[in-house]
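Taken in order, these protein sequences are the chains called A and B. Per numbering that gives the first Met the number 0, residue 0 is the first one in the first sequence, and the count goes up by one each step. Per numbering that gives the first Met the number 0, residue 0 is the first one in the second sequence, and the count goes up by one each step. Just so it is clear, CB atoms sit at the ideal spot from N, CA and C, and this is done for glycine as well. Okay, so here's the structure we're looking at.
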Amino acid sequence: MTARYLDRARLAEACAVLGRNLDVFAPVQRRPGDPPRLELLPAAGNVTLAPRKPLVPLKALFLPDCEEIMTFRRRGGETVVTERPALARDRVVLGALACDVAALALVDRVMLQDPPDPTWRERRERTAIISLACAGEDETCCCASVGVDPLRPNGADAVLSPAGDGWLLESATEKGERIVDALQEVLRAPSAAEIGTARALTSSSRKDSPLAGCDRAWAEVWERVPWQGLAARCLGCGVCAALCPTCHCFEIQDERRGNDGARLRAWDTCAAKQYARMASGENPRAKLEARIRQRFLHKLSYFAERYGVIACVGCGRCAAQCPGATGIEEVARLLALAEADHG
Amino acid sequence: MERRLREIAREFLARPGTLCFLGWEAAPGERGTRPIEIRDAGRADLLVWNRRCHANLAAYLPRFRGSQGSIGIAVKGCDARALRELVRARQIERERLFVVGVPCAGLAGPDGESLARRCHGCRYPEGFAYDATLGPMVTPDLPPRPTDDPDLDAMSPDERLRWSEEELSRCIRCDACRKACYGCFCPECVFEASRPRWISRRDTIAEKLFYHAVRAYHLAGRCVGCDECGRACPAGVRLDVLNRALARHVEELFAFSGAGVAEGAVPPLLAFEPDDPEPYPGGER
Chain A
0 MTARYLDRAR
10 LAEACAVLGR
20 NLDVFAPVQR
30 RPGDPPRLEL
40 LPAAGNVTLA
50 PRKPLVPLKA
60 LFLPDCEEIM
70 TFRRRGGETV
80 VTERPALARD
90 RVVLGALACD
100 VAALALVDRV
110 MLQDPPDPTW
120 RERRERTAII
130 SLACAGEDET
140 CCCASVGVDP
150 LRPNGADAVL
160 SPAGDGWLLE
170 SATEKGERIV
180 DALQEVLRAP
190 SAAEIGTARA
200 LTSSSRKDSP
210 LAGCDRAWAE
220 VWERVPWQGL
230 AARCLGCGVC
240 AALCPTCHCF
250 EIQDERRGND
260 GARLRAWDTC
270 AAKQYARMAS
280 GENPRAKLEA
290 RIRQRFLHKL
300 SYFAERYGVI
310 ACVGCGRCAA
320 QCPGATGIEE
330 VARLLALAEA
340 DHG
Chain B
0 MERRLREIAR
10 EFLARPGTLC
20 FLGWEAAPGE
30 RGTRPIEIRD
40 AGRADLLVWN
50 RRCHANLAAY
60 LPRFRGSQGS
70 IGIAVKGCDA
80 RALRELVRAR
90 QIERERLFVV
100 GVPCAGLAGP
110 DGESLARRCH
120 GCRYPEGFAY
130 DATLGPMVTP
140 DLPPRPTDDP
150 DLDAMSPDER
160 LRWSEEELSR
170 CIRCDACRKA
180 CYGCFCPECV
190 FEASRPRWIS
200 RRDTIAEKLF
210 YHAVRAYHLA
220 GRCVGCDECG
230 RACPAGVRLD
240 VLNRALARHV
250 EELFAFSGAG
260 VAEGAVPPLL
270 AFEPDDPEPY
280 PGGER
């Protein structure tokens, strides 16, 4: 597959071309200073292909914050159930960053194991992901420490690499090739200089995070981690979970009005007090420190034990947004310290 | 001042019967400061005080209900309002607290240089009985709110609805604003109740309006304007605009001094007075 080139001036045109046959999602900035959001085009605001993490991770296009998974209505003695309709069109996401793309593969391990989640599977199969090579956004970025290549995102169908006033576009899969084909009318051959610039890209994503080498069971040492100290500055606001690209817990709620109703699937999180509460009122994780421990150890220990890899892609959102300036890296560091103390 | 804060904390923790000292420490990297709970006098040197000490530490006090021992806490003027309101609401006993007043001349905005939004029109509480201070606790002379700040009272009902819909459409329903609030100390929040469920999880503007209206109204007359909700919000929703409008309404309609501004003053929406004037904006009787 030869590399092609997309001029920045033709970005809007490219989105429109793809939009003829596909639902196109891209990072959109509504107000200066706002973090971008992945929105279905056309959307109010500017499409910004930049190494800026979207506020809500890519995951949300596959497992939305809240959606109807079926509706039901009762007529006479009969209940009619209508399942969520299939996607009307295939989809493409532009400008996804490597961290968010890698997170999809992690959630795949849960969602696609037998029996697979039909909604997640359909969206994964019918969505092409065009990644943006990322030079690293901020000091909390450490994807390079957890096996993610920010410049050659694993799992992307094609990659846009900034070069000059536009991007080098290279496909990585058949799905990606079809997208590049569809775009031919707005693409051109890259110059040698543009190829050179794209190839010379480097990323500032840190490689020295304590998250590196965290992928194993921590059963021996976790009790020595000062969870209470972490809890002391945690407000329990849950923003870490709300923005995490690998958190995938959901709850099911039925909403009924008269004879009509819908079954909703909505994000849930073990960071929330009511998550583990039972019908009796008993709550095994009533204490904040127990909830913090569960959330981080699920990613660093339990997930690693089951799937051989930690459920963290080093995007740094948890640390960057935490009002208490904590994050998963700090927990990984405390685990390592506890282990060193253990001897 | 920082050295003095450390000395005070160290001396406090050396006394018998103390539990901890709540202050700020340097956060990793370029992330300013963060709260720290110190239990050992030997760690008092971790304390810092600077323009990036945004956290309102009073928000951590309700969790000490049911524990024993006295608690030292560093407070800025605005935080002292929250603390006074928590004491009034019996979320913590004043006798358990050792309150260290920290003179604040205004916090830094996100760029590290400008004045934080919350600090415009600063109001220190008068006559707060600090147990120690790092200097004179007086209201600093800070500029009023920028005139281009959205003012809900200047809008027509339609404009107000449009502003609210536009602003709240940014909300991602993460609930961080509610949980970061010093005043949200209900053991079970109305939004957490599952039987009945008062709010739907649907991602609609109606649900967002409902959530934010209920949250703001529950805080009307109790909000001290510390804007910790705004700091916790990852989506940059202008919660301060809504909060401030409601605070102003309660103060004007009920001749209220403001949450935690005066000792013993009860937020009007928590009190009943037979001669309440009962006016409401846009519909005077």
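- Boundaries of the beta strand (DSSP E) around glycine 165/A: 165-170.
- Tyrosine 210/B carries a helical assignment under DSSP once its states are collapsed to helix, strand and coil.
- In this structure phenylalanine 61/A is buried. Its beta-carbon is surrounded by 16 or more other beta-carbon atoms within 10 angstroms.
- Linking proline 34/A to glutamate 169/A through their CA atoms gives a straight-line distance of about 27 angstroms.
- Taking a contact as a CB-CB distance under 8 angstroms, the pair glycine 44/A and valine 23/A does not count as one, their CB atoms being some 14 angstroms apart.
- DSSP lists no beta-bridge partner residue for isoleucine 309/A.
- One alpha carbon belongs to glutamate 250/A, the other to alanine 234/B, and they sit about 23 angstroms apart.
- In the three-state scheme derived from DSSP, where H, G and I count as helix and E and B as strand, arginine 177/B is classed as helix.
- At the C-beta level, leucine 106/B and cysteine 118/B come within 7 angstroms of one another.
- Counting the other Cβ atoms within 10 Å of the Cβ of asparagine 20/A gives fewer than 16, which makes it exposed.
- The Cβ-Cβ distance between lysine 298/A and alanine 310/A falls below 7 angstroms.
- Interface annotation, lysine 178/B: in contact with chain A, CB-CB separation under 7 angstroms.
- The beta carbon of serine 202/A sits closer than 7 angstroms to the beta carbons of Cys133, Ala134, Gly135, Ala143, Pro149 and Leu150 from its chain, once the five residues preceding and following it are set aside; these are given in chain order.
- At a Cβ-Cβ threshold of 7 angstroms, alanine 191/A and glutamate 304/A do not count as neighbours.
- Taking CB atoms only, glutamate 138/A has a neighbour in chain B less than 7 angstroms away.
- Collapsing the DSSP output to three states places valine 223/B in coil.
- Contact check for glycine 182/B against leucine 151/B fails: the beta carbons are separated by 7 angstroms or more.
- One thing to note: tyrosine 123/B has its Cβ no nearer than 7 angstroms to the Cβ of valine 98/B.
- The stretch 72-82 of chain B makes contact with the stretch 41-58 of chain B, as at least three CB pairs between them are under 8 angstroms.
- Here the C-alpha atom of proline 53/A lies approximately 5 angstroms from the C-alpha atom of arginine 36/A.
- Restricted to the stretch 20-94 of chain B, the beta strand (DSSP E) segments that are unbroken, complete and at least 3 residues in length are 32-37 and 69-74, listed in chain order.
- For aspartate 137/A, same chain residues with a beta-carbon under 8 angstroms away, outside a window of 5 residues either side, are Gly315 and Ala319 in chain order.
- In the displayed model, tryptophan 197/B falls within coil according to three-state DSSP, outside both helix and strand.
- Of all C-beta pairs linking the stretch 110-130 of chain A to the stretch 87-98 of chain A, three or more are shorter than 8 angstroms, placing the two stretches in contact.
- A Cβ-Cβ distance of about 4 angstroms is found for the pair arginine 284/A and alanine 275/A, placing them in contact under the 8 angstroms criterion.
- Between glycine 235/A and leucine 287/A, the gap from beta carbon to beta carbon is short of 7 angstroms.
- Assigned with DSSP and collapsed to three states, aspartate 110/B falls in coil, not helix or strand.
- In chain order, Leu210, Ala211, Ile309, Cys311, Val312 and Gly313 place their CB closer than 7 angstroms to the CB of valine 145/A, counting only its own chain and leaving out the 5 sequence neighbours on each side.
- Taking 7 angstroms as the Cβ-Cβ cut-off, the stretch 217-250 of chain A approaches chain B at Ala231, Arg232, Leu234, Gly235, Cys236, Gly237, Val238, Ala241 and Leu242, given in chain order.
- In the structure shown, phenylalanine 302/A falls within a helical segment according to DSSP collapsed to helix, strand and coil.
- If you draw a straight line from the Cα of glutamate 112/B to the Cα of valine 74/B, it is about 22 angstroms long.
- For alanine 331/A, no Cβ of chain B is located within less than 7 angstroms of the residue's own Cβ.
- Contact annotation, valine 55/A with alanine 11/A: C-beta distance approximately 23 angstroms; criterion of less than 8 angstroms not satisfied.
- For alanine 59/A, the CB contacts under 8 angstroms within the same chain, skipping 5 residues up- and downstream, are Leu37 in chain order.
- In terms of CA proximity to glycine 237/A, Asp267/A leads the group Asn258/A, Val220/A, Asp267/A and Arg83/A.
- In the displayed model, proline 267/B falls within a helix according to three-state DSSP.
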